[in-house]
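In the numbering used here, the protein residues as written are 3 to 84. We treat Cβ as the ideally placed atom computed from N, Cα and C, and that holds for glycine. Note sheet for the following structure.
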Amino acid sequence: MNQKVLKDVGIDVEDALSRMMGNENLFKCMMSRFVDDPTYHQLLSAIKDDNQEEIFRHAHTLKEICANLSIKPLEDLFVRQV
């Protein structure tokens with residue numbers, strides 16, 4: 003995991019690792035799971051269908067995931083959406 007690249011895109015690696023008790027393997031695993039998570043596509047579908055309840059639910063889920071992984075730029079976007 004290239005921490006410099008992660009930091010360059012706005013991920014607070016130190017904060018994320020502190021949330022995971024310094025376990026870098028857990029952080030890698032959680033980042034991989036985030037990339038494969040279907041929630042973003044579910045959000046897009048809810049937006050397309052103008053389903054406000056589902057939009058809120060998926061945006062809130064993504065906000066929390068981004069907060070837990072310390073992906074501040076995305077978290078800020080989802081905070082505004084929620």
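Could you round the C-beta distance between residue i and residue j to whole angstroms and report it? I think they count as a contact, below 8 Å.
{"i": "residue 57", "j": "residue 39", "result": "So it is not a contact: roughly 16 Å between Cβ atoms."}
{"i": "residue 60", "j": "residue 45", "result": "4 Å"}
{"i": "residue 24", "j": "residue 74", "result": "Actually they do not touch by this definition, with Cβ atoms about 20 Å apart."}
{"i": "residue 42", "j": "residue 8", "result": "Wrong, their Cβ atoms sit about 19 Å apart, outside the cutoff."}
Report the residue from the options whose alpha carbon sits nearest the alpha carbon of residue i.
{"i": "residue 71", "options": "48, 27, 32 and 82", "result": "32"}
{"i": "residue 4", "options": "63, 20, 29 and 21", "result": "29"}
Could you please give me the residues that DSSP links to residue i through a beta bridge?
{"i": "residue 57", "result": "DSSP, once it has assigned bridges, lists no residue as partnering residue 57."}
Under DSSP, the alpha helix (DSSP H) around residue i begins and ends at which residues?
{"i": "residue 2", "result": "Residue 2 lies beyond the residue range present for the chain, which begins at 3 and ends at 84; the question has no answer from this structure."}
{"i": "residue 2", "result": "Here the chain comprises residues numbered 3 to 84, so residue 2 is not present and cannot be evaluated."}
May I have a chain-ordered list of the alpha helix (DSSP H) segments no shorter than 4 residues that lie completely inside the stretch 16 to 45? 26 to 38
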